[in-house]
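The next block holds one structure in the form of structure tokens; read it before the comments.
Set out below in structure tokens:
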């Protein structure tokens, strides 16, 4: 069990579709170089045997580890593994051939082994590393689950419950169902570690702001996000929870139907009103909320020169139809997708979200205390550590659609290059990730900390002039 300031590490699953086996008979390839006509023969059968041997050893180690953890023989995880494909063997063969051809022809060691089958001692260190990585990735692919498979697994353990229930799953059954996908999810998170373990507080920006916190906002007058979104989509119904009523599953997939619904958001002029409402919500509600919490926890003092808040230029719009298996999402976190640990995650339901229509997450990384981010009525939002905490989406078995906004905010000094190692705000190493490597993902606003009044000093640019792209998620992805 994790305490508030520490977290234990775990290792391992995510998801993707399985890849079919590639069958073929191994052959030998010969190449001639220069006038010496040296024949560089590479036996693919030996390569396949090498790959298979390493895969078998890796699978045995994983099975033994699983058995030690579960106290059983652990045959379930091994059933998900397979040998690497022949495609991987062919790639290895080509790699060996290219590296052999690049070696000097008069090298005695090269001449000595040119007509022999490759062994581990002959493979260069870089090739061995590449081979090992390929084998691990190939084996890991067999522990992944597709969205539909994950949704079916959770639906099988769902308990009959009322809409007011906090969770439709028993803890023991949920842990058992999540064991396989979590194995890969932990690995992906741990592989993204930077200056320290991602499940610890060491070197982590603003740890005191990462505790999950719900907050209320005025959705009727000040920030009518749901109403403006409904108007932007040109829907006659005022209830976003019934968007699925116009979906004919025999004619198109849920995703195709949703893309038709949100098509107006792809037009720069038609999305202007919603973009302006989102900008107002972030700068006048979410940023002041974070700023007040940071002052309360002494993340910075009132004598500070100022704090820059970077926020996603346009929110991700999540639409989860009832009984749509492709809307399910196995456990994952932002770190596993190359995002910075500095981003704080905001989840804003625009419809009621409860039972299986809600988003499920853990409160602290590694704790795996799964709970739903419930919202019985519009006007409730959540701020949580989505960079490190895993979350998942089960199969929505309710009779209502869940529509929600998800976006991210991080805190940094106006001149990030002058930040100290003990600074609680983001340092330069936290400011480059898959989202910010190319400009255009975020806007920024500066809060005057040391001034007489706490106001936003400036915004970098107008939100309606920015062009969202695939990094903002659906509907642009």
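Residue numbers (the working numbering): 75 to 551. Positions of the beta carbon are idealized from the N, C-alpha and C atoms, including for glycine.
Three-state secondary structure assigned by DSSP to residue 320: Taking the first residue of the chain shown as 1, we reach residue 320 at position 246. In the structure shown, residue 320 sits in a helix (DSSP, three-state: H, G or I).
As assigned by DSSP and simplified to three states, the class of residue 483: Here residue 483 refers to the residue found at position 409 when the chain shown is read from its first residue. Secondary structure at residue 483: strand, using DSSP grouped into helix, strand and coil.
Beta carbon of residue 424 nearer than 8 Å to that of residue 280: Numbered from 1 along the chain shown, position 350 holds the residue referred to as residue 424. Numbered from 1 along the chain shown, position 206 holds the residue referred to as residue 280. The answer is no: Cβ separation not under 8 Å.
Residue range of the unbroken beta strand (DSSP E) whose run includes residue 519: Taking the first residue of the chain shown as position 1, residue 519 is located at position 445. That run of the beta strand (DSSP E) goes 516-521.
Alpha helix (DSSP H) segment containing residue 287, residue limits: Within the chain shown, residue 287 is the residue found at index 213, counting from 1. Judged by DSSP secondary structure, residue 287 falls outside any alpha helix (DSSP H) and instead within the beta strand (DSSP E) spanning 287-290.
Selected residue, minimal CA-CA separation from residue 393, among 502, 513, 477, 551: Numbered from 1 along the chain shown, position 319 holds the residue referred to as residue 393. Each of 502, 513, 477, 551 was checked against the Cα of residue 393, and the nearest Cα belongs to 477.
Closer than 7 Å: residue 306 CB and nearest the ligand SAH heavy atom: For the ligand SAH, the structure offers nothing, since it holds no ligand at all.
Check whether residue 390 and residue 347 have beta carbons under 8 Å apart: Indexing the chain shown from 1 puts residue 390 at position 316. Indexing the chain shown from 1 puts residue 347 at position 273. Result no, Cβ atoms of residue 390 and residue 347 do not sit closer than 8 Å.
C-alpha gap between residue 364 and residue 473, whole angstroms: As a first step, residue 364 must be located in the chain shown, where it is residue number 290. As a first step, residue 473 must be located in the chain shown, where it is residue number 399. Distance between the alpha carbons of residue 364 and residue 473 is about 35 Å.
Residue 256 beta carbon less than 8 Å from that of residue 399: As a working mapping, residue 399 is identified with position 325 in the chain shown. As a working mapping, residue 256 is identified with position 182 in the chain shown. Going by C-beta atoms, residue 399 is not nearer than 8 Å to residue 256.
Distance between residue 453 and residue 55 (C-alpha atoms, nearest Å): Residue 55 lies beyond the residue range present for the chain, which begins at 75 and ends at 551; the question has no answer from this structure.
Contacts around residue 339, its chain only, beta-carbon distance under 6 Å, and the 5 residues preceding and following it disregarded: Taking the first residue of the chain shown as position 1, residue 339 is located at position 265. Answer for residue 339: 345, 549, listed in chain order.
Through-space distance from residue 261 to residue 218, alpha-carbon basis: Against the chain shown, residue 218 aligns to sequence position 144. Against the chain shown, residue 261 aligns to sequence position 187. In a straight line, the C-alpha of residue 218 is about 12 Å away from that of residue 261.
Beta-carbon spacing of residue 263, residue 449 below 8 Å: On the chain shown, position 189 is the one that residue 263 refers to. On the chain shown, position 375 is the one that residue 449 refers to. Taking 8 Å as the Cβ cut-off, residue 263 and residue 449 do not qualify as a contacting pair.
Same chain, Cβ closer than 6 Å to residue 332, five either side skipped, listed in chain order: On the chain shown, residue 332 is found 258 positions in, with the first residue counted as 1. Here the set comprises 393.
Cβ-based neighbour list, residue 443, same chain, cut-off 6 Å, excluding 5 preceding and 5 following: Position 369 of the chain shown holds residue 443. So the list reads 436, 437, once near-sequence residues are dropped.
Assumed close pair residue 516, residue 386 - CB separation to whole angstroms, cut-off 8 Å: Taking the chain shown and counting its residues from 1, the one referred to as residue 516 is at position 442. Taking the chain shown and counting its residues from 1, the one referred to as residue 386 is at position 312. Rounded, the Cβ-Cβ distance is 6 Å, consistent with contact.
Close beta carbons around residue 244, own chain, < 8 Å, minus the five adjacent residues each side: For the purposes of this step, residue 244 is taken as residue 170 along the chain shown, with counting starting at 1. Hits under 8 Å: 231, 233.
Residue 439 burial status per 10 Å Cβ neighbour count (16 or more: buried): As a position in the chain shown, residue 439 is number 365, starting the count at 1. Answer is buried; the Cβ neighbour count reaches 16.
Residue 386 - containing beta strand (DSSP E), residue span: Along the chain shown, one-based indexing puts residue 386 at 312. Going by DSSP, residue 386 is part of the beta strand (DSSP E) stretching over 381-386.
DSSP-derived helix/strand/coil call for residue 546: Within the chain shown, residue 546 is the residue found at index 472, counting from 1. Correct three-state label for residue 546: helix.
Cβ neighbours of residue 431 in the same chain (closer than 7 Å, five flanking residues each side left out): Taking the chain shown and counting its residues from 1, the one referred to as residue 431 is at position 357. 394, 470, 472, 474, 476, listed in sequence order.
Residue 352 versus residue 342: straight-line alpha-carbon distance, rounded: Counting from one through the chain shown, the residue named residue 352 turns up at place 278. Counting from one through the chain shown, the residue named residue 342 turns up at place 268. Rounded to whole angstroms, residue 352 to residue 342 spans 14 Å at the Cα level.
N-terminal and C-terminal residue of the alpha helix (DSSP H) that residue 506 is part of: Position 432 of the chain shown, counting from 1, holds the residue named residue 506. Taken as a continuous stretch (DSSP letters only), residue 506 belongs to no alpha helix (DSSP H), as it is neither H nor E.
Distance CB(residue 488)-CB(residue 520) smaller than 8 Å: By one-based count along the chain shown, residue 488 stands at place 414. By one-based count along the chain shown, residue 520 stands at place 446. Contact annotation: residue 488 and residue 520 have beta-carbon atoms nearer than 8 Å.
Distance CB(residue 484)-CB(residue 409) smaller than 8 Å: Translated into positions along the chain shown, residue 484 becomes position 410. Translated into positions along the chain shown, residue 409 becomes position 335. Residue 409 sits away from residue 484, with the two beta carbons spaced by 8 Å or more.
8 Å Cβ cutoff met for residue 465 and residue 433: Taking the first residue of the chain shown as 1, we reach residue 465 at position 391. Taking the first residue of the chain shown as 1, we reach residue 433 at position 359. Yes. Within cutoff.
Residues near residue 287 by beta carbon distance below 6 Å, same chain, minus five either side: Numbered from its first residue, the chain shown carries residue 287 at position 213. If we look at residue 287 and ignore the five residues flanking it on each side, its Cβ neighbours are 457.
Terminal residues of the beta strand (DSSP E) in which residue 440 lies: Along the chain shown, read from residue 1 onward, the residue named residue 440 stands at position 366. Annotation for residue 440: no beta strand (DSSP E) segment contains it, and DSSP assigns it neither H nor E.
Span separating the alpha-carbon of residue 545 from that of residue 349: Taking the first residue of the chain shown as position 1, residue 545 is located at position 471. Taking the first residue of the chain shown as position 1, residue 349 is located at position 275. The alpha-carbon atoms of residue 545 and residue 349 are separated by roughly 16 Å.
Coarse secondary structure for residue 414, derived from DSSP in three states: Along the chain shown, read from residue 1 onward, the residue named residue 414 stands at position 340. Per DSSP, reduced to three states, the secondary structure at residue 414 is coil, with no helix or strand assignment.
Cβ-based neighbour list, residue 284, same chain, cut-off 6 Å, excluding 5 preceding and 5 following: Locating residue 284 in the chain shown gives position 210, where the first residue counts as 1. Non-local C-beta neighbours of residue 284 in its own chain, meaning closer than 6 Å and more than five positions away in sequence, comprise 459, ordered along the chain.
Sequence ranges, alpha helix (DSSP H) only - wholly within the segment 297-368, length at least 4: 299-306, 328-335, 346-355, all fully within the segment 297-368.
Whole-angstrom C-beta distance between residue 221 and residue 370, which should lie under 8 Å: What you label residue 370 is simply residue 296 of the chain shown in a count that begins at 1. What you label residue 221 is simply residue 147 of the chain shown in a count that begins at 1. That belief does not hold up - the Cβ atoms of residue 370 and residue 221 are roughly 39 Å apart, past 8 Å.
Residue 412 beta carbon less than 8 Å from that of residue 522: What you label residue 522 is simply residue 448 of the chain shown in a count that begins at 1. What you label residue 412 is simply residue 338 of the chain shown in a count that begins at 1. Not in contact: residue 522 and residue 412 (Cβ atoms no closer than 8 Å).
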